[in-house]
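Novice: In the numbering used here, the protein residues as written are 105 to 770. Glycine included, every Cβ here is placed at the ideal spot set by N, Cα and C. Since the structure is predicted, the reported quantities are computational estimates derived from the model, not experimental observations.
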């Protein structure tokens, strides 16, 4: 174990023999082996950068601190390396090190060994190239030749740390960032963690692609910005051309800052999943089968006579269906779904099915388990991004248990259309269900658990109805994404009679930006708390609950037709929604849930409804202000009264680590 720790510790140079592995280079067999250093673990690189190289340096001091580190650990001469570029590889010998420039002074080794994609790199050409470079080569372009004595272990590691840092961590604009913060904490650690999260398949491939694309855009814009800035600084005249260049420079600067903020969101391991990314779903609907027929697909690993008889009696009998059925049999549920067209039905018989692929459903299809969910298990294996992607107009999934392993995305994504989930069990790995913008989810009588993120993520502009579900043992129960941006619509949310418990964070959390009013509200809240403490003993328990409800009603009148109703035991209940706006199936069932609740349950339901209502009101105010700035003084009442058409009734919040409801401000 001590040898492993020594990989990052330059103080262990006296140990006999090398502790590093060797790599046989591809191509020219005459090239010597090199040290194998690109396999270092996260904690080894973390320790090296934090303890030995960067410590608490500022961005402007990175090169200076790195040079000081190299002076302590790098052999100044006497070692060989392979100099690699995109065009050639050549064996060189290091005769000196320019520490402050992070470069090595080299000469060609004898005999001359070179491998290139073109035949023009002769000994004379290489000598001429070295002369042009004054024989100084950046350390990150050198791979140290293997030596089993152990004498050059720390040299090989030091070169690796420099190479990795400038390839994977450093950004060309870092030096111009504010120096008030610790560079390691602000930039190095989050980028290092992201690098290893990507290596270990913990980040969705779509998000990785987004990050690389943003990084490339930012680097390209920064190069243009530097060119514009240099052209301005080299010009002495106050000409019109220079003024145009300054305007262009400002525009480039604003674009760069915007891209940098997006990069930082992805680099931050918390915000990466809180804000997510707008993934494009390229699912293409097949539409109706060319023959116009609809097929019932039956999935079973083995078909016994008794099972077939039961199926015919319960599901496949023409009398019960009203028409003759065309039936196809499958042993794999994924193959059955892939064979579906618009209007098809998949009946999955009891069994444990292991799939190594993704369910992509873009048509109105019904997946139905024939039996209890625990008897019909579909388990996802492999490190694929998704498990179930839904984009059909009307998808129904019922009586199934979905089990997710080694995933980097949620168990079910609703991209478009409406998906109904009933009587299902979802054992998650990362996030649970994601309801994206303009999509609709109706989830009833289901159980969801195990998500390392949120059990249910609700995007702006979506519709989410949750009835009689259990959401538990997740990082957060339900996460409602920020909808205050002017481009976003308010989501329509209904939470009725759910049991949300044993989540690590909050039962329900709302993500939104910090508003100027939040600072005032915090100050007012402190004053209010002090006043309440002096009066608390004077208010009986029941009267206090009633006072809170009445305050909520008067403080948030914009919630629409919100009316306090009286339950059978005299407990006040508020439905923060407009009845006529709810889905018909919800309206039919709400009467069953208007029952007495425990005071702590009431408090959780009202806290959520009130905060969503207040945030909705803030969005309405922001919209009025934008219209006013545009000179529009009168607006359509329907537009101005956008609200969270939300019902928070009968939910139970128990044993959540941070409470029933919280707001994540950014």
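Can you give me the C-alpha to C-alpha distance between residue 433 and residue 494, rounded to a whole angstrom?
Specialist: Here residue 433 corresponds to residue number 329 of the chain shown, with the count starting at 1. Here residue 494 corresponds to residue number 390 of the chain shown, with the count starting at 1. Straight-line Cα distance between these residues: approximately 23 Å.
Novice: What does a CB cutoff of less than 8 Å around residue 388 pick up in its chain, not counting 5 residues either side in sequence?
Specialist: Residue mapping note: residue 388 aligns to position 284 of the chain shown, counting from 1. If we look at residue 388 and ignore the five residues flanking it on each side, its Cβ neighbours are 466.
Novice: Assuming residue 46 is part of the alpha helix (DSSP H), what are its boundary residues?
Specialist: This structure leaves residue 46 out entirely; the chain is present only between 105 and 770.
Novice: Please report the distance separating the alpha-carbon of residue 614 from that of residue 367.
Specialist: The sequence position of residue 614 within the chain shown is 510, counting from 1. The sequence position of residue 367 within the chain shown is 263, counting from 1. Between residue 614 and residue 367, the C-alpha separation is close to 23 Å.
Novice: From which residue to which residue does the alpha helix (DSSP H) around residue 150 run?
Specialist: Reading the chain shown from its first residue, position 46 is the one you call residue 150. First-last of the alpha helix (DSSP H) with residue 150: 146-151.
Novice: Let me make sure I understand the geometry here. Which of 214, 148, 286 has the alpha-carbon closest to that of residue 165?
Specialist: Locating residue 165 in the chain shown gives position 61, where the first residue counts as 1. Checking every option, the nearest Cα to that of residue 165 belongs to 286.
Novice: Please report the Cβ distance between residue 524 and residue 500, rounded to the nearest whole angstrom; I am assuming they are in contact, meaning their Cβ atoms lie under 8 Å.
Specialist: As a first step, residue 524 is located in the chain shown; it is residue number 420 there, counting from the start. As a first step, residue 500 is located in the chain shown; it is residue number 396 there, counting from the start. Contact flag correct, Cβ pair sits at about 5 Å.
Novice: Using the C-alpha atoms, what's the distance from residue 508 back to residue 456?
Specialist: Working through the chain shown from its first residue, we reach residue 456 at position 352. Working through the chain shown from its first residue, we reach residue 508 at position 404. About 13 Å.
Novice: Do the CB positions of residue 248 and residue 146 come within less than 8 Å of each other?
Specialist: As a first step, residue 248 must be located in the chain shown, where it is residue number 144. As a first step, residue 146 must be located in the chain shown, where it is residue number 42. No, the pair does not count as a contact, with Cβ atoms beyond the cut-off.
Novice: Check residue 389 in the structure and name its three-state DSSP category.
Specialist: Translated into the one-based positions of the chain shown, residue 389 becomes position 285. In the structure shown, residue 389 sits in coil (DSSP, three-state: anything other than H, G, I, E or B).
Novice: Closest to residue 266 by C-alpha separation, out of 169, 554, 421, 313, would be which residue?
Specialist: Start at 1 with the first residue of the chain shown, and residue 266 comes out as number 162. Comparing Cα-Cα distances from residue 266 to each of 169, 554, 421, 313, the minimum goes to 169.
Novice: Would you check if there are 3 or more beta carbon pairs closer than 8 Å linking the stretch 345-362 to the stretch 397-405?
Specialist: No, they do not touch.
Novice: Can you give the beta carbon distance from residue 561 to residue 585, rounded, assuming they're within the 8 Å contact cut?
Specialist: Here residue 561 refers to the residue found at position 457 when the chain shown is read from its first residue. Here residue 585 refers to the residue found at position 481 when the chain shown is read from its first residue. Confirmed, about 7 Å.
Novice: Round the Cβ separation of residue 527 and residue 573 to the nearest angstrom and send it over; I've been treating them as touching at under 8 Å.
Specialist: Residue mapping note: residue 527 aligns to position 423 of the chain shown, counting from 1. Residue mapping note: residue 573 aligns to position 469 of the chain shown, counting from 1. Wrong, their Cβ atoms sit about 10 Å apart, outside the cutoff.
Novice: Where do the N-terminal and C-terminal ends of the beta strand (DSSP E) with residue 250 fall, by residue?
Specialist: By 1-based counting over the chain shown, the position of residue 250 is 146. That residue, residue 250, is in no beta strand (DSSP E); it is neither H nor E in DSSP.
Novice: Below 7 Å CB to CB, which residues in the same chain sit around residue 398 once its five sequence neighbours on both sides are set aside?
Specialist: Here residue 398 corresponds to residue number 294 of the chain shown, with the count starting at 1. 447, 448, listed in sequence order.
Novice: Taking DSSP as the reference, what is the three-state secondary structure of residue 439?
Specialist: Locating residue 439 in the chain shown gives position 335, counting from the first residue. Residue 439: helix per DSSP, three-state reduction.
Novice: Residues in the same chain with beta-carbon distance under 6 Å from residue 315, minus the five sequence neighbours each way, listed in chain order, please.
Specialist: For the purposes of this step, residue 315 is taken as the residue at position 211 of the chain shown. Taken in chain order, the residues that qualify are 370.
Novice: Given that a residue counts as buried once 16 or more other Cβ atoms are within 10 Å of its Cβ, and exposed if not, what is residue 435?
Specialist: For the purposes of this step, residue 435 is taken as the residue at position 331 of the chain shown. Exposed, by the Cβ-count rule.
Novice: Could you tell me if residue 548 is buried or exposed, where buried requires 16 or more neighbouring beta carbons within 10 angstroms of its beta carbon?
Specialist: Here residue 548 is taken as the residue at index 444 of the chain shown, counted from 1. Classification for residue 548: buried.
Novice: Alpha carbon to alpha carbon, how far is residue 190 from residue 151? Give it in angstroms, no decimals.
Specialist: As a first step, residue 151 is located in the chain shown; it is residue number 47 there, counting from the start. As a first step, residue 190 is located in the chain shown; it is residue number 86 there, counting from the start. Taking the straight line from one Cα to the other gives about 31 Å.
Novice: Please say whether residue 521 and residue 782 have beta carbons closer to each other than 8 Å?
Specialist: Nothing about residue 782 can be read from this structure; the chain reaches only from 105 to 770.
Novice: Going by the CB atoms, is the gap between residue 163 and residue 68 shorter than 8 Å?
Specialist: The chain is shown only over 105 to 770; residue 68 falls outside these bounds and no answer can be derived.
Novice: In terms of alpha-carbon separation, which member of 758, 440, 419 lies closest to residue 463?
Specialist: The sequence position of residue 463 within the chain shown is 359, counting from 1. Among 758, 440, 419, the Cα nearest to that of residue 463 is on 440.
Novice: Since residue 294 is in the alpha helix (DSSP H), which residue starts that stretch and which ends it?
Specialist: Sequence index remark: in the chain shown, residue 294 carries index 190 (1-based). Where residue 294 is concerned, the enclosing alpha helix (DSSP H) stretches over 293-303.
Novice: Pop quiz: residue 242 and residue 206 are said to be a contact at Cβ under 8 Å. What is the actual Cβ separation, rounded to whole angstroms?
Specialist: As a working mapping, residue 242 is identified with position 138 in the chain shown. As a working mapping, residue 206 is identified with position 102 in the chain shown. Indeed they touch by this definition, with Cβ atoms about 7 Å apart.
Novice: Would you call residue 596 buried or exposed, if buried means 16 or more other Cβ atoms sit within 10 Å of its Cβ?
Specialist: Within the chain shown, numbered from 1, the residue matching residue 596 stands at position 492. Buried, by the Cβ-count rule.
Novice: What first and last residue would you give for the alpha helix (DSSP H) that runs through residue 267?
Specialist: Taking the first residue of the chain shown as 1, we reach residue 267 at position 163. It spans 257-268 - the alpha helix (DSSP H) in which residue 267 sits, taken as one unbroken run.
Novice: Under 8 Å, do residue 757 and residue 611 count as touching if we go by C-beta distance?
Specialist: As a position in the chain shown, residue 757 is number 653, starting the count at 1. As a position in the chain shown, residue 611 is number 507, starting the count at 1. In contact: residue 757 and residue 611 (Cβ atoms closer than 8 Å).
Novice: According to DSSP, residue 188 sits in a beta bridge with which residue or residues?
Specialist: Here the question's residue 188 lines up with position 84 in the chain shown. 193, per the DSSP bridge assignment.
Novice: Taking residue 308 as the reference, which of 394, 577, 490 has the closest Cα?
Specialist: The sequence position of residue 308 within the chain shown is 204, counting from 1. Minimum Cα distance to residue 308 is reached at 490.
Novice: Within the same chain, show all residues whose beta-carbon is closer than 7 Å to that of residue 635, passing over the 5 residues directly before and after it, in chain order.
Specialist: Counting from 1 along the chain shown, the entry for residue 635 is found at position 531. Confidence is the limiting factor: at residue 635 the pLDDT is only 49, short of 50, which leaves the residue's position unreliable, though a coordinate-based value still follows. The answer is none, since no qualifying residue turns up.
Novice: Hey, quick one: how far does the beta strand (DSSP E) through residue 211 stretch, first residue to last?
Specialist: Indexing the chain shown from 1 puts residue 211 at position 107. Element bounds for residue 211: 207-212.
Novice: Which runs of the beta strand (DSSP E) at least 3 residues long sit entirely within the stretch 563-593? Give them in chain order.
Specialist: Segments of the beta strand (DSSP E) lying fully in the stretch 563-593: 567-571, 574-576, 580-584.
Novice: Hey, how far is the Cα of residue 543 from the Cα of residue 575?
Specialist: Here residue 543 corresponds to residue number 439 of the chain shown, with the count starting at 1. Here residue 575 corresponds to residue number 471 of the chain shown, with the count starting at 1. Those two C-alpha atoms are separated by around 20 Å.
Novice: How about residue 594 and residue 755: do their beta carbons lie closer than 8 Å?
Specialist: Locating residue 594 in the chain shown gives position 490, counting from the first residue. Locating residue 755 in the chain shown gives position 651, counting from the first residue. No.
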